[in-house]
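K.L.:
Position one of the sequence shown corresponds to residue 205 (our numbering), numbered consecutively onward.
Structure provided below as structure tokens; questions to follow.
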Amino acid sequence: MDEREQAWAELLEARPTGWFVGGRRLPVLLLALATLLVAGCDFLEPDRPQLPPGTRALIIPVENRSNVPAVLVVAEDRQPVGRAVGSAQPAAVPAGARIDVTFIVPNAPGWAIFVNPGPERGPLLLHTDLRNCTGRVPAFIEVRPGGEAQWGHGPDRGCLTP
Numbered sequence: 205m206d207e208r209e210q211a212w213a214e215l216l217e218a219r220p221t222g223w224f225v226g227g228r229r230l231p232v233l234l235l236a237l238a239t240l241l242v243a244g245c246d247f248l249e250p251d252r253p254q255l256p257p258g259t260r261a262l263i264i265p266v267e268n269r270s271n272v273p274a275v276l277v278v279a280e281d282r283q284p285v286g287r288a289v290g291s292a293q294p295a296a297v298p299a300g301a302r303i304d305v306t307f308i309v310p311n312a313p314g315w316a317i318f319v320n321p322g323p324e325r326g327p328l329l330l331h332t333d334l335r336n337c338t339g340r341v342p343a344f345i346e347v348r349p350g351g352e353a354q355w356g357h358g359p360d361r362g363c364l365t366p
């Protein structure tokens, strides 16, 4: 038997004894497996947004029944729309589409969600409506054929402020 065959034979014949497995320490093996497991957790939720400090993510389905894209903005609660203080991902919902939109909003008050903002369209959802929410919100946004938006919720308001 040559050296290579001998090495394979020894490796295959290695039996666990105490804290050793195949000539290696078991804790090293367990540490390596734990590292792989923890590193793999990032691959389980690849679409999870990285949030800036002082913000949270709200996931709300948006259905656009109009024939043009619906523009979504998180901005200061003013009319006309104030300066942007958060974001919507995606920032526009294509015509005829229904998409789960992730809104990145500040933890502080004073913001609102605007849909197709303009001089005659104010905020749709206020921070006071969503102050107890994080993650998936039990609400929906619907953009009507004319571009106006409304929001609603199912029978369970969950985190929504009454």
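Don't be surprised by glycine CBs; every beta carbon is placed ideally from N, CA and C.
What residue range is occupied by the uninterrupted beta strand (DSSP E) comprising residue 328?
P.N.:
In the sequence shown, residue 328 corresponds to position 124, counting from 1. It is not in any beta strand (DSSP E) - residue 328 carries neither H nor E in the DSSP assignment.
K.L.:
Please report the Cβ distance between residue 342 and residue 331, rounded to the nearest whole angstrom; I am assuming they are in contact, meaning their Cβ atoms lie under 8 Å.
P.N.:
For this step, residue 342 is matched to residue 138 along the sequence shown. For this step, residue 331 is matched to residue 127 along the sequence shown. Contact flag wrong, Cβ pair sits at about 17 Å.
K.L.:
Among residues of its own chain, excluding the 5 on either side of residue 288, which ones have a beta-carbon nearer than 6 Å to its beta-carbon?
P.N.:
Within the sequence shown, the letter at position 84 stands for residue 288. Same-chain partners within the cutoff: 279.
K.L.:
Counting Cβ pairs, one atom from each stretch, are 3 or more of them under 8 Å apart for the stretch 260–279 and the stretch 313–329?
P.N.:
yes
K.L.:
Can you tell me where the beta strand (DSSP E) with residue 306 in it begins and where it stops?
P.N.:
Working through the sequence shown from its first residue, we reach residue 306 at position 102. Start and end: 302–310.
K.L.:
Does DSSP put residue 352 in a helix, a strand or coil?
P.N.:
In the sequence shown, counting from the first residue as 1, residue 352 sits at position 148. If DSSP states are grouped into helix, strand and coil, residue 352 belongs with coil.
K.L.:
So is residue 333 buried or exposed if we call it buried at 16+ other beta carbons inside 10 Å?
P.N.:
As a first step, residue 333 must be located in the sequence shown, where it is residue number 129. Result: buried.
K.L.:
On a CA-only basis, which of 269, 264, 335 and 262 is nearest residue 347? Give me that one, please.
P.N.:
Translated into positions along the sequence shown, residue 347 becomes position 143. Closest in C-alpha terms to residue 347, from the list 269, 264, 335 and 262, comes 269.
K.L.:
Using the three-state DSSP reduction, which class does residue 210 fall into: helix, strand or coil?
P.N.:
Taking the first residue of the sequence shown as position 1, residue 210 is located at position 6. Residue state, collapsed to three classes: helix.
K.L.:
Terminal residues of the continuous beta strand (DSSP E) containing residue 265?
P.N.:
Taking the sequence shown and counting its residues from 1, the one referred to as residue 265 is at position 61. Looking at the DSSP string, the run of the beta strand (DSSP E) that includes residue 265 is 259–268.
K.L.:
For residue 365, which of 350, 329, 353 and 339 has the nearest alpha-carbon?
P.N.:
To locate residue 365, count along the sequence shown from 1; it is residue 161. Of 350, 329, 353 and 339, the residue nearest in Cα terms is 329.
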